[in-house]
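One line per chain: the protein sequences are A and B, in this order. Residue numbers 233 to 392, in the working numbering, belong to the letters of the first sequence in order. Residue numbers 2 to 295, in the working numbering, belong to the letters of the second sequence in order. Virtual Cβ for every residue (Gly too), placed ideally from N, Cα, C. So the structure is just underneath, and the comments pick up after that.
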Amino acid sequence: MLVRLRVNGLDFRIDVKGNERLLDSLRKLGMKSVKEGCSVGDCGSCNVIVDGRLVNSCMMLTVQARGAEVTTCEGLGSKESLDPLQKAFVDAGVPQCGYCIPGVLMTAKYFLDNHPKPRAEEIRDILEGNICRCGAYTKITQAILAASNRPKRRPMIANR
Amino acid sequence: MHELLEFDVYAPSTLGEALTYLSGEGKGSRVLAGGTSLIPEMQKEGSRVTRVVDLSGLSDLRYVRKTQSTIRVGGLTTIRELAEAKIFDDRYCCFRRLEHDLGFVSTRNMATVGGNLAAGADGDLAEILLALDGQVVIRNAKSERMAEPTNLDLAEDELVVEVRFADLKRPVSTWFNKFEKRKENGKGGITTTTLMKLKDDRTVEDVRIAVSRARGRKTGRVAGAESELRGRTPDAENIGRALDRLVAEIDPAGDFRGSSRFRKQVTRAMVKEGLGKCLEKLDHERRVEGAGQC
Numbered sequence: 233m234l235v236r237l238r239v240n241g242l243d244f245r246i247d248v249k250g251n252e253r254l255l256d257s258l259r260k261l262g263m264k265s266v267k268e269g270c271s272v273g274d275c276g277s278c279n280v281i282v283d284g285r286l287v288n289s290c291m292m293l294t295v296q297a298r299g300a301e302v303t304t305c306e307g308l309g310s311k312e313s314l315d316p317l318q319k320a321f322v323d324a325g326v327p328q329c330g331y332c333i334p335g336v337l338m339t340a341k342y343f344l345d346n347h348p349k350p351r352a353e354e355i356r357d358i359l360e361g362n363i364c365r366c367g368a369y370t371k372i373t374q375a376i377l378a379a380s381n382r383p384k385r386r387p388m389i390a391n392r
Numbered sequence: 002m003h004e005l006l007e008f009d010v011y012a013p014s015t016l017g018e019a020l021t022y023l024s025g026e027g028k029g030s031r032v033l034a035g036g037t038s039l040i041p042e043m044q045k046e047g048s049r050v051t052r053v054v055d056l057s058g059l060s061d062l063r064y065v066r067k068t069q070s071t072i073r074v075g076g077l078t079t080i081r082e083l084a085e086a087k088i089f090d091d092r093y094c095c096f097r098r099l100e101h102d103l104g105f106v107s108t109r110n111m112a113t114v115g116g117n118l119a120a121g122a123d124g125d126l127a128e129i130l131l132a133l134d135g136q137v138v139i140r141n142a143k144s145e146r147m148a149e150p151t152n153l154d155l156a157e158d159e160l161v162v163e164v165r166f167a168d169l170k171r172p173v174s175t176w177f178n179k180f181e182k183r184k185e186n187g188k189g190g191i192t193t194t195t196l197m198k199l200k201d202d203r204t205v206e207d208v209r210i211a212v213s214r215a216r217g218r219k220t221g222r223v224a225g226a227e228s229e230l231r232g233r234t235p236d237a238e239n240i241g242r243a244l245d246r247l248v249a250e251i252d253p254a255g256d257f258r259g260s261s262r263f264r265k266q267v268t269r270a271m272v273k274e275g276l277g278k279c280l281e282k283l284d285h286e287r288r289v290e291g292a293g294q295c
């Protein structure tokens with residue numbers, strides 16, 4: 233089945249089988265930030281934004297995302313110019329093993345887009361859907377709070 | 002990678018196409034709405050799904066609207082759209098609470114009303130609709146029927162297309178509660194839904210209490226506890242009597258998450274809180290004219 237996707241501002245036409253998940257397709261397209269964790273929507277490692285909605289890409293078939301605009305962590309910023317959110321994570325020294333961080337960043341991006349001035353309690357609430365086995369939640373919360381106080385970057389920039 | 006076993010996908014663009022397919026060449030297909038129940042199910046070993054009907058193209062079934070005195074919710078409305086629908090003011094805190102209590106934000110963005118109901122009678126929405134005396138509209142290629150939210154008995158060629166219930170008339174308040182150790186997408190927590198309507202003399206005109214695992218694993222209303230409150234003042238003594246009756250009336254199945262006795266006591270505490278929240282809202286409405294917040 234031929235599916236059109238717009239990923240991080242770039243258009244793709246891909247031939248997928250019915251059973252292919254969005255997670256699998258995105259990784260094949262080179263978006264390796266999208267990580268497989270629990271595969272049933274409990275850990276948030278595969279979180280991406282599809283047409284402005286945060287979703288678990290492990291629970292979405294690529295066919296379901298046909299024609300959609302998808303944002304992954306690669307679409308947030310580049311090595312030369314990090315998104316304020318990514319910069320805040322670096323400044324706070326958030327990542328330990330780093331496996332969960334792309335999913336956390338997408339959750340944070342979605343959250344800040346919808347709640348520009350959040351309280352720490354609200355951030356902790358939204359992070360219920362992201363499991364960090366290193367237990368970096370305190371620093372993650374601090375970084376998201378710090379990012380909410382920085383000027384916003386223009387969303388959805390194609391970086392490649 | 003936990004790739005899914007191969008299956009074919011049919012993606013209709015209208016409800017008619019979907020129903021025709023399900024009753025003809027697509028007989029035996031599994032229906033994919035939001036995917037939060039079906040995809041995890043297919044991840045399990047031994048899942049033998051060969052055909053899937055993807056309903057994501059049927060945007061006509063995404064709505065929350067009021068016609069005359071009936072609220073209608075389309076089957077493909079997402080839980081987030083339901084929880085945030087502007088039509089639901091402070092009378093419908095039960096729906097607003099889903100924004101806090103049903104899974105994660107990503108789940109609420111994906112899961113649909115029809116999918117939640119079709120996934121089983123023990124879901125959160127079935128319980129809320131039971132308390133609202135709601136009905137579920139089910140359709141196949143030839144006909145339409147109405148069903149109780151906890152007893153859909155869906156055939157292979159049928160789809161949940163709409164949910165209906167009478168718009169609540171003030172002064173009325175509702176509340177939904179969930180107890181679970183950690184948020185997750187599976188079922189197994191304890192949930193309660195309460196509705197209370199007061200007369201001018203502050204006696205209870207109507208009260209409805211729906212709880213998960215009322216009997217065994219079945220969600221149900223607790224008629225005895227409701228009757229203890231109807232026509233009486235909702236003071237601590239009468240509420241206490243109703244709660245005692247509730248504990249005697251329900252018989253929840255225990256499991257590794259909690260014994261039957263544990264579930265009874267937690268259900269009691271949650272219904273107490275739910276009734277308290279309803280009263281709080283109603284008293285607020287008396288003191289301050291106009292809608293409050295959930």
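The alpha helix (DSSP H) enclosing residue i, as first and last residue numbers
i: Leu-103 (chain B); result: That residue, Leu-103 (chain B), is in no alpha helix (DSSP H); it is neither H nor E in DSSP.
i: Ser-208 (chain A); result: Summary: the structure shown does not reach residue 208 (chain A), with chain A confined to residues 233 through 392, and so no result is reported for it.
i: Leu-237 (chain A); result: Per DSSP, Leu-237 (chain A) belongs to no alpha helix (DSSP H); it is in the beta strand (DSSP E), 234-239.
i: Arg-92 (chain B); result: First-last for Arg-92 (chain B): undefined, no H or E at that position.
i: Val-289 (chain B); result: Neither: Val-289 (chain B) is in no alpha helix (DSSP H) and is coded neither H nor E.
i: Lys-28 (chain B); result: Counting along the chain, Lys-28 (chain B) falls outside any alpha helix (DSSP H), and DSSP gives it neither H nor E.
i: Gly-335 (chain A); result: 333-346
i: Arg-351 (chain A); result: It is not in any alpha helix (DSSP H) - Arg-351 (chain A) carries neither H nor E in the DSSP assignment.
i: Pro-41 (chain B); result: 39-44
i: Glu-82 (chain B); result: 80-84
N-terminal and C-terminal residue of the beta strand (DSSP E) that residue i is part of
i: Phe-244 (chain A); result: 242-247
i: Tyr-11 (chain B); result: 9-11
i: Met-197 (chain B); result: 191-199
i: Arg-222 (chain B); result: 219-222
i: Leu-33 (chain B); result: 31-33
DSSP bridge partner residues for residue i (one or two, in chain order)
i: Phe-166 (chain B); result: B:Ile-72
i: Val-50 (chain B); result: Paired residues: none, contrary to the question.
i: Asn-178 (chain B); result: B:Thr-193
i: Gly-259 (chain B); result: B:Asp-256
i: Lys-265 (chain B); result: Bridge partners of Lys-265 (chain B): none, in fact.
i: Thr-21 (chain B); result: BP columns for Thr-21 (chain B) are empty, so no partner.
i: Arg-66 (chain B); result: B:Arg-73
i: Thr-113 (chain B); result: B:Thr-79
i: Asp-61 (chain B); result: Partner(s): none; Asp-61 (chain B) has no beta bridge.
i: Asp-55 (chain B); result: B:Leu-33
Cβ-Cβ separation, residue j to residue i (assumed contact under 8 Å), whole Å
i: Leu-317 (chain A); j: Ala-352 (chain A); result: Not a contact, Cβ separation roughly 16 Å.
i: Leu-258 (chain A); j: Val-282 (chain A); result: The pair is not a contact, with the Cβ atoms about 10 Å apart (cut-off 8 Å).
i: Glu-128 (chain B); j: Thr-68 (chain B); result: Wrong, their Cβ atoms sit about 25 Å apart, outside the cutoff.
i: Ala-148 (chain B); j: Val-137 (chain B); result: 5 Å
i: Ser-30 (chain B); j: Val-54 (chain B); result: 5 Å
i: Asp-123 (chain B); j: Arg-258 (chain B); result: Actually they do not touch by this definition, with Cβ atoms about 13 Å apart.
i: Pro-172 (chain B); j: Leu-199 (chain B); result: 6 Å
i: Arg-245 (chain A); j: Leu-234 (chain A); result: 6 Å
i: Asp-252 (chain B); j: Arg-222 (chain B); result: At roughly 14 Å, the Cβ-Cβ gap does not stay under 8 Å, so Asp-252 (chain B) and Arg-222 (chain B) are not in contact.
i: Val-280 (chain A); j: Val-266 (chain A); result: 6 Å
i: Ala-142 (chain B); j: Ser-24 (chain B); result: 4 Å
i: Arg-109 (chain B); j: Ala-84 (chain B); result: 7 Å
Contact test: residue i Cβ vs the ligand NAD heavy atom, cutoff 7 Å
i: Pro-334 (chain A); result: Summarising the ligand content, the structure contains no ligands, and the ligand NAD is consequently not present.
Length-filtered (4 minimum) alpha helix (DSSP H) runs lying within the stretch 117-174 of chain B: 125-132
Hey, is the stretch 363-376 of chain A in contact with the stretch 8-16 of chain B, meaning 3+ C-beta pairs nearer than 8 Å? no
Any chance the stretch 372-383 of chain A sits against the stretch 315-330 of chain A, with 3 or more Cβ pairs inside 8 Å? yes
Whole beta strand (DSSP E) elements within the stretch 246-329 of chain A, 3-residue minimum: 279-282, 285-288, 301-303
With three or more C-beta pairs closer than 8 Å as the rule, is the stretch 187-204 of chain B touching the stretch 230-247 of chain B? yes
Does the pairing of the stretch 171-182 of chain B with the stretch 146-160 of chain B give three or more beta-carbon distances under 8 Å? no
Counting pairs of Cβ atoms below 8 Å between the stretch 283-297 of chain A and the stretch 246-256 of chain A, do you hit three or more? yes
Going residue by residue through the stretch 203-244 of chain B, where are the continuous beta strand (DSSP E) segments of at least 3 residues, counting only ones entirely within it? 205-217, 219-222
Between the stretch 251-268 of chain B and the stretch 72-85 of chain B, are three or more C-beta pairs nearer than 8 Å? no
Measuring CB atoms only, is the stretch 113-131 of chain B touching the stretch 25-41 of chain B, in the sense that at least three cross pairs come out at less than 8 Å? yes
Is there contact between the stretch 96-105 of chain B and the stretch 19-27 of chain B, where contact requires at least three CB pairs shorter than 8 Å? no
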